[in-house]
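Residue numbers for the sequence shown follow full-length UniProt numbering, so the first one is 1 and each next one is one higher.
Glycine included, every Cβ here is placed at the ideal spot set by N, Cα and C.
Note that the structure is predicted; figures quoted are calculated from it, not measured.
One structure below.
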Amino acid sequence: MTDAVHSETHGFQAEVKQLLQLMIHSLYSNKEIFLRELVSNAADAADKLRFKALSNADLYESDGDLKVRLSFDAEAKTITIADNGIGMTRDEVIEHLGTIAKSGTKEFFSQLSGDQAKDSQLIGQFGVGFYSAFIVADKVTVNTRAAGTEAAQGVQWQSAGEGDYTVADLNKADRGTEIILHLREGEEELLNDWQLRSIIGKYSDHISIPVEMWKDEVPESESPEGEKIAAVPGEWEAINKATALWTRGKNDISNDEYNEFYKHISHDFEDPLKWSHNRVEGEQEYTSLLYIPARAPFDLWNREKQHGLKLYVQRVFIMDDAEQFMPTYLRFVKGVLDSNDLPLNVSREILQDTKVTTKLRNACTKRVLSMLEKLAKNDAEKYQSFWNEFGQVLKEGPAEDMANKEKIAKLLRFSSTETDIPEQSVSFDAYIERMKEGQNKIYYITADSFNAAKNSSHLEIFRKKGIEVMLLCDRIDEWLLSHLNDYDGKTLVSVTKGDLDLGDLDDAESKAEKEKQETEFASFLTRAKETLGDKVAEVRLTHRLTGTPSCIVAGEHDMSTQMMKLMQSVGQDVPEQKPVFELNPEHAMVKHVADIQDEESFGEWINLLLEQAVLSEKGNLDDPSEFVARINALLMK
């Protein structure tokens with residue numbers, strides 16, 4: 001029995017209004033999901049009660065038979081989803097049903113385009129939850145009471161999904177939540193026993209508690225032989241399997257069931273890209289069901305966003321987002337971990353310090369990396385799809401997980417001069433297979449963008465000799481390479497640092513010519529260094545350039561230009577360091593400058609060559625106006 005008393009009206013959070021409008025218009029074509037979302041929430045409420053009751057059995061209120069009940073009233077045009085789970089207090093109702101209490105909300109709304117198809121996909125990543133009710137209902141009533149509170153502390157929430165909602169006091173005898181949907185015109189087809197049962201069978205068969213519907217009584221009847229058949233009274237009956245999916249054998253679970261369970265735990269609309277279901281017995285006993293999503297969530301880069309697995313202990317739900325079992329660079333992984341080795345009263349604090357947690361984390365990490373390795377090997381197109389969504393996150397791995405550095409490195413993909421397209425599709429293994437005879441290093445360049453890397457003057461000698469170079473243009477690449485110095489016995493070498501040594505890739509004729517030029521230009525180099533003073537650390541000839549007069553490089557042990565930019569972008573101080581200035585002895589401009597006798601004119605030209613090199617490498621100059629004035633003066637001459 002429910003009886004509403006005192007009520008008050010509240011305005012929706014602005015984001016809720018926007019989300020409601022988007023859902024009503026963008027998700028209408030997939031309106032069945034409202035039932036999946038509401039039943040999923042009801043099941044979560046039951047899980048949370050079961051967990052809290054571990055330390056306070058009184059919360060069950062003498063009713064430990066947890067369930068969800070689904071009913072409809074064709075005459076009133078209503079559908080009711082009721083659970084006897086944890087329920088909500090007045091404050092919780094306002095917090096959960098009046099606001100979107102989820103990190104990254106602003107980022108979510110900033111990405112909405114107004115295109116219904118695209119926005120529908122984005123809403124799916126966000127997770128619509130309770131608000132999906134308004135896809136089919138023009139009014140929603142929620143009656144709820146938190147477990148362990150008095151009947152008079154019930155709450156009624158009502159809204160037509162527009163600007164506001166009302167919250168009223170309520171006398172509610174039973175704990176839990178009851179959601180009543182007042183259907184829109186044209187939604188009468190949902191007021192059908194068979195229709196509702198089929199939706200539950202399609203989307204919620206895997207829910208671990210019973211979803212029940214009323215089965216009408218069967219009156220007394222008579223068989224063809226004249227025997228009386230006793231009447232069967234009406235009863236509530238479970239219409240789902242009501243067994244935790246991960247506890248069932250893999251051979252007994254269809255792909256559709258795996259897909260729907262993923263959507264249940266992730267609130268995603270798309271099927272996952274890949275999953276791994278694994279049961280381990282022996283020294284440790286646990287079951288893991290891990291999913292790799294097909295698409296990155298909009299708030300993947302939000303550091304406040306919680307991530308992790310749903311943790312169960314002996315099939316009892318313990319917590320959402322147990323981040324202790326999955327490293328940060330795999331934060332996109334969704335799934336369930338059910339352990340027999342952890343205590344039922346385990347907390348986040350205890351998880352931080354237990355050896356069992358470390359073993360489970362290592363096992364889950366290796367399982368995901370193995371899953372990705374098989375995907376890369378057996379379905380390159382699908383793996384490329386994964387990489388396009390999550391590649392930058394995976395690049396955090398070598399710095400975070402030294403134990404699996406080689407495995408992660410095998411999964412990395414980059415652009416290169418071989419493919420000459422922005423898509424990152426080249427692995428280290430593919431690069432090594434194409435290495436020239438005598439090559440024992442993996443060459444790479446980092447830059448602000450693909451075009452900046454592709455067109456860098458530092459690549460000129462490599463193009464001339466047909467040597468492939470990795471093109472690294474993600475902001476995180478410099479950080480990655482500071483923790484990944486080699487792969488499969490091959491050293492990773494930046495083409496923009498140190499004195500370029502091609503080793504056996506240089507022929508004897510080229511080496512002889514270099515030695516000759518070093519002698520011929522020795523006095524010129526000394527003169528250039530004296531003119532430039534402390535603007536540069538060193539002036540030397542370069543053999544990495546073929547069509548460009550000059551360039552700057554970082555010293556062998558100095559910080560690269562890209563790393564300096566990265567640190568400055570996050571407000572970090574960078575050490576002051578002078579570049580090494582390299583001049584191309586084959587270039588006509590360098591030869592011209594070398595022949596200038598007038599010291600003032602020589603100074604103007606050598607500074608111009610340096611400023612050109614700095615501009616090309618860094619993209620900016622400390623004093624652009626001086627550079628422009630120098631060019632104008634030389635043009636006038």
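Looking only at Leu59, Thr542, Thr358, Leu372, the smallest Cα-Cα distance to Gly391 is reached by Leu372.
Assigned with DSSP and collapsed to three states, Asn171 falls in strand. Assigned with DSSP and collapsed to three states, Asn278 falls in strand.
By the neighbour-count definition (other C-beta atoms within 10 Å, threshold 16), Ile229 is an exposed residue. Between Asp341 and Glu285 the beta-carbon gap is near 6 Å, inside 8 Å, which marks them as a contact. The DSSP-derived three-state label of Lys250 is helix. Val313 has Val316, Ser339 as its beta-bridge partners, per DSSP. Judged by their CB atoms, Ser560 and Ser494 are nearer to each other than the 8 Å cut-off.
Closest by C-alpha distance to Asp501, out of Val539, Ile461, Val155, is Ile461. In this structure the region 218-235 does not touch the region 245-256; the number of beta carbon pairs closer than 8 Å is below three. The DSSP assignment places complete beta strand (DSSP E) segments of no fewer than 3 residues inside the region 212-256 at 235-238, in order along the chain. The beta carbon of Asp338 lies closer than 7 Å to those of Trp246, Tyr286, Thr287, Tyr312, Arg315 in the same chain, with the five residues before and after it left out. Secondary structure of Asp271 (DSSP, three-state): coil.
Per the C-alpha coordinates, the member of Lys529, Asn362, Ile445, Ala160 positioned closest to Asn404 is Asn362.
As far as DSSP is concerned, Glu586 takes part in no beta bridge.
Pairing Ile265 with Val336 gives a Cβ-Cβ distance under 8 Å.
If you draw a 10 Å sphere on the C-beta of Asp299, you find 16 or more other C-beta atoms in it, and that means buried.
Taking 8 Å as the cut-off, the beta carbon of Ile292 is found no closer than this to the beta carbon of Glu396. Among the bridge pairs identified by DSSP, Ala322 is matched with Leu309.
Taking the Cβ atoms as the reference, Gly201 lies roughly 31 Å from Ala146, outside the contact range of under 8 Å. For Leu471, same chain residues with a beta-carbon under 7 Å away, outside a window of 5 residues either side, are Phe414, Ser415, Ser416, Thr417, Ile445, Phe450, Ala453, Lys454 in chain order.
Judged by beta-carbon spacing, Val232 lies within the 8 Å limit of Glu217, meaning their Cβ atoms are closer than that value.
Counting along the chain, the unbroken beta strand (DSSP E) around Tyr444 starts and ends at 441-446.
Taking 4 residues as the shortest admissible run, the region 412-493 contains the following complete alpha helix (DSSP H) segments, listed from N- to C-terminal end: 428-433, 450-454, 460-465, 477-481. Secondary structure note for Ile631: its alpha helix (DSSP H) is the uninterrupted segment 624-636.
Shown here, Gly11 sits in a strand according to DSSP, grouped into three states.
Proximity to Ile408 across Pro343, Tyr487, Glu468 peaks at Tyr487, based on C-alpha coordinates. Per the C-alpha coordinates, the member of Leu545, Ala151, Glu162, Ile179 positioned closest to Asn171 is Ala151. Here the alpha carbon of Phe325 sits roughly 30 Å from the alpha carbon of Val68. Per DSSP, the continuous beta strand (DSSP E) segment holding Ala137 begins and ends at 137-145. The beta carbons of Lys250 and His277 sit closer together than 8 Å. Residue environment analysis places Met319 among the buried positions, since at least 16 neighbouring C-beta atoms fall within 10 angstroms of its C-beta. Annotated three-state conformation of Val356 is helix, per DSSP. Out of Tyr203, Ile135, Thr141, the CA that lies nearest to the CA of Glu185 is found in Ile135. Check the Cα spacing between Ser601 and each of Thr354, His267, Ala633: the tightest is with Ala633.
Between the region 576-584 and the region 532-542 there are three or more inter-stretch CB-CB distances shorter than 8 Å, so the stretches are counted as touching.
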